[in-house]
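Numbering (the working numbering), first residue to last: 13 to 150. Below is one structure; the comments refer to it alone.
Quick look at the structure:
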């Protein structure tokens, strides 16, 4: 009987320790949760860069455009960027809840790129034709 009481006391003590530890850990973990969407289409932007300004903490949005960040303190300013879109900076408070970030497309940021591939004998042949073409035309 004494062994049973000792076992119950030890088990209760261990449970109280782990419960208090998990409550303490939850109080110290600050987080910002949100989603990155296209302003026009409301579609999620997969792989958008989300970072805390002036900090080395950052992440990328998942397949649903969702992200989670852990700032050191609040308020925190987050910077959200995505290729072909304007970068957005938002200030987030401790009780802001889930943040939705809408990014506007930046049509002027990307220029047309032409890729030309030459290999082996074809390169020499094309270059010779271009060289001879200019001589004949002149």
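Built from N, CA and C at the ideal position, the CB exists for glycine as well. From a predicted model like this one, the values you see are computed outputs, not experimental measurements.
- With at least 16 other beta carbons inside 10 angstroms of its own, residue 64 counts as buried.
- Within the stretch 39-108, complete beta strand (DSSP E) segments of at least 3 residues are found at 44-50, 61-64, 70-72, 78-81, 88-93 and 100-104, given in chain order.
- The Cβ-Cβ distance between residue 73 and residue 59 falls below 8 angstroms.
- If you draw a straight line from the Cα of residue 103 to the Cα of residue 129, it is about 46 angstroms long.
- As a beta-bridge residue in DSSP terms, residue 112 pairs with 47.
- In this structure, residue 48 lies near residue 113, with their beta-carbon atoms less than 8 angstroms apart.
- The alpha carbon of residue 79 has as its nearest neighbour, out of 67, 124 and 57, the alpha carbon of 57.
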